[in-house]
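Student: Starting off with a structure, shown below.
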Amino acid sequence: MKKVVVLSLLFLSCLNLKAEQKLNFLFFLVDDLGKMDIGIEGSSFYETPHIDALAKSGMRFQNGYAACQVCSPSRAAIMLGTYPARNKITDWIGAKTSTNWKRNDKVLPSEYIHALPKEDTTLAEAMQEGGYKTFFAGKWHMGGESNFPEDHGFDINIGGHHRGSPPGGFFSPYTNPKMKSGPKGESLTLRLANDTANFIESQKGKEQPFFAYLSFYAVHGPIQTTEELWKKYQKKAVAKGLAEKRFIFDRTKAVRQVQDNPVYAGMMETLDDAIGVVMAKLKETGQDKNTVVIFTGDNGGVSSGDAFSTSSLPFRGGKGRQWEGGIREPYYIYVPGLTKEGSITEVPATGTDFYPTILELAGLKLKPNQHQDGVSLVPLFKGENISKRDLFWHYPHYGNQGGEPSSIIRSGNWKLIHYYEDGRDELYNLSSDIGEQTDVLKQNPEMAKQLRQKLNSWLKETDARIPQQDSRFNAKLKEKQLKDASTKHMNNLEKRHANYLKPDYKPNKTWWDSKIPKD
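Counting in the numbering used here, the sequence shown runs without a single skipped number right up to 519 at its last residue.
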């Protein structure tokens, strides 16, 4: 009997020690990463074994979302715990608005805020206040001078500044004002991973917990890889059989339908290697047993616009678009001792949920007045439920990738999109039509009316900015522009992307500086 009592006391003592031990946090944010770019999600062309392993280690959200279809608003939503409609960062910072908009379009994109508001408490500041050492590496794009990571709660900032694409490209020499350039030909993606790994190693044995935020510039354009990786995926694409056509025209722009771009595939492998570097260091230092790992992206893959580099199928569209391809994301969370290996949830979650989830896991007091559009996902890790809710998006802008000014509500499996050019709505049932090919609004008028009312109430409650009609709009010119986009531009795209797969393809002498001779 005494033996049982002693063992019980020891067990309780271990539990208390564990409860007192603060969790560390490692947050991976990938730029322009589509859900279908990951092997475990269904890609058979890109190779992502390290990301797949991370996804399997904890909970995978089948209905994980970014808070916007473009980068800055999604990033701000993670940092602030509020929807873009509420915090007013509704477009990528630097995009033109109002009468500065020079394209021929029906409405004027709304004005938006160009930096994280100083009066808000960011997630990093909340962690810093809670006693955490905070580290940032990579892409920021949430403000310029006096609004960099170090101004919003990060003790260390490597590479984070106002630019959205990597200055100098993905191979050293870089021209990033917030980080030293590396050896000639060094990979920026691997460099950021190594810097993060070094930070993790420096925290070994320290009592102070850490919050490390690795925000990759990859896989944003310009798409660049090494000759070796290009060769690997060029051969793989040829072996699979090359497509005759890679694009369709969907309403405003061409959209890629095939994953066979060997340059982008090389970038994906380097990204995966970078994840492997950081995760290996976490394990090597023994801190994997006490570190929460989160992995997600800031918007859908670039299937349209920019480099037209990937396909989001079976989801429609991609980055910048209002369909699932623009907002559906890989969304993985591992909590040591809490999440079950290989667990999957169908519960919808979005970028605003990370803030309260992290605070609760850290044992810090929640800030409901700050992260008012997020909910803690911790109950899901425990096998419990969270209250059902609707999710919202508001993008009163034109995406460079063909996106249209719109607002969205997802309620259960219903998704309604409201368009600002002409006031029309579209209604989709995602349970039977994940590709959003069939608008069922006419067959479900009451549901459409109910969702529109909810959406209108939310837009009013958040004081969302609504785009106004542009008196300069020329309908005949727009018709010609769309015709050219669906013919000339489509033909040029097909030729350019077929060229990536030719055996003699060579972008330039140095393969984007990856082959610069070492000193």
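Glycine residues also receive a C-beta, built at the ideal position from the N, C-alpha and C atoms.
Since the structure is predicted, the reported quantities are computational estimates derived from the model, not experimental observations.
Can you check the region 192-230 for any alpha helix (DSSP H) of at least 4 residues that lies completely inside it and give the ranges in chain order?
Tutor: none
Student: Curious, which full-length beta strand (DSSP E) runs of at least 3 residues does the region 105-171 contain?
Tutor: 133-138 and 156-158
Student: Measuring CB atoms only, is the region 409-416 touching the region 377-391, in the sense that at least three cross pairs come out at less than 8 Å?
Tutor: yes
Student: Going by C-alpha to C-alpha distance, which of G182, G94, L214 and F135 sits closest to R163?
Tutor: Of G182, G94, L214 and F135, the residue nearest in Cα terms is G94.
Student: May I ask you to report which of helix, strand or coil DSSP gives L54?
Tutor: helix
Student: Out of curiosity, what's the CA-to-CA distance linking L282 and V292?
Tutor: 11 Å
Student: Does the region 357-364 touch the region 100-113, meaning 3 or more C-beta pairs lie closer than 8 Å?
Tutor: no
Student: Are the CB atoms of D32 and V219 nearer to each other than 8 Å?
Tutor: yes
Student: Here's the rule I'm using: 16 or more other beta-carbon atoms within 10 Å means buried, otherwise exposed. How should I344 be labelled?
Tutor: exposed
Student: Let me make sure I understand the geometry here. Which of R75, P84 and E360 has the alpha-carbon closest to that of F28?
Tutor: Checked all of R75, P84 and E360; the closest Cα to F28 is R75.
Student: Assuming contact is defined by CB atoms lying nearer than 8 Å, are A349 and Y65 in contact in what I supplied?
Tutor: yes
Student: On the CB-based measure, 16 or more other CB atoms within 10 Å of its CB, does G342 come out buried or exposed?
Tutor: exposed
Student: Over what stretch of residues does the beta strand (DSSP E) that includes H394 continue unbroken?
Tutor: L391 to Y395
Student: Between the beta-carbon of T357 and the beta-carbon of R86, is there less than 8 Å?
Tutor: No, these two residues do not count as a Cβ contact at 8 Å.
Student: Considering only the beta carbon of each residue, do F247 and L23 sit closer than 8 Å?
Tutor: no
Student: Determine, using beta carbons only, whether P405 and E421 come nearer to each other than 8 Å.
Tutor: Contact: yes.
Student: Are the beta-carbon atoms of P467 and P109 separated by less than 8 Å?
Tutor: yes
Student: In the DSSP assignment, the alpha helix (DSSP H) including T357 goes from what residue to what residue?
Tutor: F354 to A362
Student: Rounded to a whole number of angstroms, what is the C-alpha to C-alpha distance between K340 and G39?
Tutor: Approximately 20 Å, taken between the alpha carbons.
Student: If you count every other CB in all the chains shown that lies within 10 Å of the CB of T82, and 16 or more means buried, which is it?
Tutor: buried
Student: For my contact list, A115 and M142 are in at a C-beta cut-off of 8 Å; report their separation, rounded to the angstrom.
Tutor: Right, their Cβ atoms sit about 7 Å apart.
Student: Beta-carbon separation of P167 and A307 under 8 Å?
Tutor: no
Student: By the DSSP assignment, the beta strand (DSSP E) with W414 in it spans what residues?
Tutor: W414 to Y419 is the span of the beta strand (DSSP E), which, as asked, contains W414.
Student: Could you give the uninterrupted runs of the beta strand (DSSP E) lying entirely in the region 234-317, keeping only those of 3 residues or more?
Tutor: 247-250, 253-256 and 291-297
Student: Assign K178 to buried or exposed, taking buried as 16 or more other Cβ atoms, counted over all protein chains shown, within 10 Å of its Cβ.
Tutor: buried
Student: Taking C-alpha atoms, which residue in H397, S431, E360 and Y398 lies nearest to A126?
Tutor: It is E360.
Student: With distance defined between alpha-carbon atoms, name the residue in L54, N474, T189 and N456 nearest to S514.
Tutor: T189
Student: Report the residue from L338, Q469, L416 and D470 whose alpha carbon sits nearest the alpha carbon of K454.
Tutor: It is L416 whose Cα lies nearest to the Cα of K454.
Student: Is the CB-CB distance between G318 and Y217 below 8 Å?
Tutor: no
Student: Looking only at its chain, what residues have a beta carbon closer than 6 Å to the beta carbon of W512, apart from the 5 residues adjacent to it on each side?
Tutor: G169, F171 and Q224
Student: Let me make sure I understand the geometry here. Which of D52, K184 and M59 has the alpha-carbon closest to that of P517?
Tutor: Looking at the Cα atoms, K184 is the closest of the given residues.
Student: Q372 by DSSP, collapsed to three states: which one?
Tutor: coil
Student: Assuming contact is defined by CB atoms lying nearer than 8 Å, are G403 and P314 in contact in what I supplied?
Tutor: no
Student: Among K204, Y233 and A254, whose alpha-carbon lies nearest the alpha-carbon of E284?
Tutor: K204
Student: Look up N24 in the DSSP assignment and give the residues it is bridged to.
Tutor: N24 pairs with T291.
Student: Are there 16 or more other CB atoms within 10 angstroms of the CB of S72, so buried, or fewer, so exposed?
Tutor: Buried, by the Cβ-count rule.
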